[in-house]
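Protein chains: 2
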Amino acid sequence: MSKCEQCIIKQFNSLKALTTDELMRISGCKTSMFIKKGEVIFEEGEMLNGVYCVKDGICKLSKLSANGKDQIVKMVVKGQLLGQRSLISDESSNLQAVALNDMEVCFIPKSEIINDLKNNSKFSFEVLKEMASDLKEADDVIVNMAQKSVRERLAEALIYIHDSFGTNPDGSLSVLLSREDFANIVGTATESAIRVLSQFKKEGLISTVGKQIKIEDIEALKRVE
Amino acid sequence: MSKCEQCIIKQFNSLKALTTDELMRISGCKTSMFIKKGEVIFEEGEMLNGVYCVKDGICKLSKLSANGKDQIVKMVVKGQLLGQRSLISDESSNLQAVALNDMEVCFIPKSEIINDLKNNSKFSFEVLKEMASDLKEADDVIVNMAQKSVRERLAEALIYIHDSFGTNPDGSLSVLLSREDFANIVGTATESAIRVLSQFKKEGLISTVGKQIKIEDIEALKRVE
DNA sequence: AATTTAATATGATATTTGTCATGTTTTGGT
DNA sequence: ACCAAAACATGACAAATATCATATTAAATT
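Order-wise, the sequence lines are chains A and V.
With UniProt numbering as the guide, the letters of the first sequence map in order to residues 1 to 225.
With UniProt numbering as the guide, the letters of the second sequence map in order to residues 1 to 225.
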């Protein structure tokens, strides 16, 4: 079992604000887990008993809407924490988490995290900063959803995924999303997402090989309207 | 000048987690302000030098979208804090704040708040809880924007305003919003908002006298789809 | 009180997006 | 390698929403 105090991943999230002693204590009670692509990490409405520190892989956070569609609200990558919001509010999760590729995560029990949050103000200030940043991003998503067309939103989603999660050696997006996933990020019907992607292909903005998508002209994508 | 340590308003926000000493210190450097309806409290992109504790009145937080429309992201009422997110991220504000009616606020300088956030972990945990709650609400707004019709969103907005901000003695909504404001909450064209409100009126769900809106059948509004 | 201005209202029409149908391709399992 | 199931793709049409035009009413200003 690896040790938190030596783990590089923590540099990317608020756990870096913990002292060596605190990290060693957490290290002793954490659980390492491997999650396969497509597996559910937690369900909407489920009570979480801790947070997940993502060591590798990506997952999507989504919420089921009344019309039966799953809206993807956020994606969480390597280095980030998962489930902190619910833990702080002491409520069941408002989102479902599903792995988008094979993941490695460390599960840290609730009591440990809450304890540090209440006692180490440097740590809670770091968590606060992360949460503030999430909130700002959420505000931007609200505005985009409300004011932009499906075409614009999909172009932005492609750019976001490209910039945040990177590309394979051949230039294709490294996160493999289904057309349905794209629709659920953008908040549209699957057919509409497919249609717009087909248009982008015709216009030379992207190219595809099966599910793999490669951005061919990111500047033009940024100009889409 | 009133004293923070005796102020009842703080019971409604995270300031209640401060000690009497801390409150007295803040009391000494706070500024009381009266803001008239329609006045801008701060602009999008403006650097905030502190937070506002709302003693009375309501304001809207909005963001200008690329197409020139203002999207209302949140409304802040009596008892809540304004501007905390930007302060924590140490960034300029991502939203504009405009008073929806006459307001009374206390302005607390940044340095004081940051100081307490870093040293009083009970306080920072309270702020964290508020932020977590805001984030959850934002997630819900995203899903609604993405998946619900204008008609559904407007019905929900009316219910939200009714439940959160209350009614006048005659039963009309106590916050007076223009049709444009409604459109900017729901994320639609002003004409569309007007049209849907007219429909609601025809269907007996609401009644209007000038700008005043009264909810006549809240149960039916909840059933709108 | 008269006049200007802004807000509200509504019709006509264009555009966007969703839905249903149906065919094709890809994927996973045996 | 074969089959079934899922994912992808596209056309046709319906529904929702935006836009533009133009009244009508309410509010602000002189």
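Even for Gly, the Cβ is constructed at its ideal location relative to N, Cα and C.
Assuming residue 63 of chain A and residue 73 of chain A form a contact by the criterion Cβ under 8 Å, report the distance between their Cβ atoms to the nearest whole angstrom.
6 Å
Inter-residue Cα distance where the pair is residue 189 of chain A and residue 183 of chain A:
6 Å
Who does residue 52 of chain A pair with in a DSSP beta bridge?
A:82 and A:107
Collapsed DSSP secondary structure at residue 61 of chain A in the structure displayed
strand
Out of A:116, A:212, A:197 and A:169, state which residue places its alpha-carbon closest to the alpha-carbon of residue 156 of chain A.
A:197
Name, please, each residue of chain A whose Cβ falls closer than 7 Å to the Cβ of residue 71 of chain V.
142, 143, 146 and 147
Mind listing the chain V neighbours of residue 260 of chain A? Cutoff is C-beta to C-beta under 7 Å, in chain order.
The shown model of chain A, from 1 to 225, leaves out residue 260 of chain A, and the question about it has no answer.
Is it right to say residue 29 of chain A is buried, meaning 16 or more other beta carbons lie within 10 angstroms of its own, or is it exposed?
exposed
Mind reading off the beta-carbon distance from residue 99 of chain A to residue 35 of chain A? Whole number of angstroms is fine, and I expect it under 8 Å.
5 Å
Name the residue from V:93, V:159 and V:86 whose alpha carbon lies nearest to the alpha carbon of residue 232 of chain V.
Examination of residue 232 of chain V is not possible in this model, given that chain V is present from 1 through 225 alone.
Given residue 60 of chain V as reference, the closest of V:126, V:4 and V:81 once Cα atoms are compared
V:81
So the beta strand (DSSP E) residue 31 of chain A belongs to, where does it begin and stop?
31-35
Measure how close the beta-carbons of residue 3 of chain A and residue 32 of chain A come, nearest whole angstrom, since I'm counting them as under 8 Å.
That pair is no contact at about 11 Å.
Would you check if the distance between the CB atom of residue 42 of chain A and the CB atom of residue 132 of chain A is smaller than 7 Å?
no
Which chain A residues sit within Cβ distance under 7 Å of residue 95 of chain V?
139
Output the distance between the C-alpha atoms of residue 71 of chain A and residue 44 of chain A, rounded to the nearest integer angstrom.
12 Å
Looking at residue 102 of chain A: is its Cβ nearer than 7 Å to the Cβ of residue 57 of chain A?
yes
Threshold first: 4 residues or longer. Then list the alpha helix (DSSP H) segments lying entirely within the stretch 124-183 of chain V, N to C.
150-165
If distances are taken between C-alpha atoms only, which option among V:104, V:90 and V:16 comes closest to residue 52 of chain V?
V:104
Would you mind reading off the limits of the beta strand (DSSP E) that contains residue 42 of chain V?
40-42
Close-in-space but distant-in-sequence residues of the same chain around residue 47 of chain A (CB under 7 Å, 5 per side omitted):
92
To the nearest angstrom, report how far apart residue 12 of chain A and residue 187 of chain V are at their CA atoms.
35 Å
So residue 113 of chain V and residue 95 of chain V are supposed to be a Cβ contact under 8 Å. How far apart are they, rounded?
Actually they do not touch by this definition, with Cβ atoms about 18 Å apart.
From which residue to which residue does the alpha helix (DSSP H) around residue 218 of chain A run?
218-223
Taking 7 Å as the threshold (beta carbon to beta carbon), is residue 124 of chain A in contact with chain V?
yes
Provide the residue span of the beta strand (DSSP E) that contains residue 199 of chain A, from first to last.
Segment 190-202 is the alpha helix (DSSP H) holding residue 199 of chain A; no beta strand (DSSP E) there.
At least 3 beta-carbon pairs within less than 8 Å: the stretch 113-125 of chain V vs the stretch 113-129 of chain A:
yes
Which bits of chain V does residue 132 of chain A rub up against, with CB to CB less than 7 Å?
85, 88, 89 and 131
Among V:174, V:181 and V:225, whose alpha-carbon lies nearest the alpha-carbon of residue 199 of chain V?
V:225
For the beta strand (DSSP E) that contains residue 75 of chain V, what are its first and last residues?
70-77
What does residue 135 of chain A reach in chain V if we use C-beta pairs closer than 8 Å?
85, 131, 134, 135 and 138
Local conformation of residue 214 of chain V per DSSP, three classes
strand
Any chain V beta carbon closer than 7 Å to residue 63 of chain A
yes
Compute the Euclidean distance between the alpha carbons of residue 172 of chain A and residue 209 of chain V, then round it to the nearest angstrom.
58 Å
CB-CB length for residue 145 of chain V against residue 146 of chain A, believed under 8 Å:
5 Å
Contact criterion: CB-CB distance below 7 Å. Does residue 49 of chain A meet it with respect to chain V?
no
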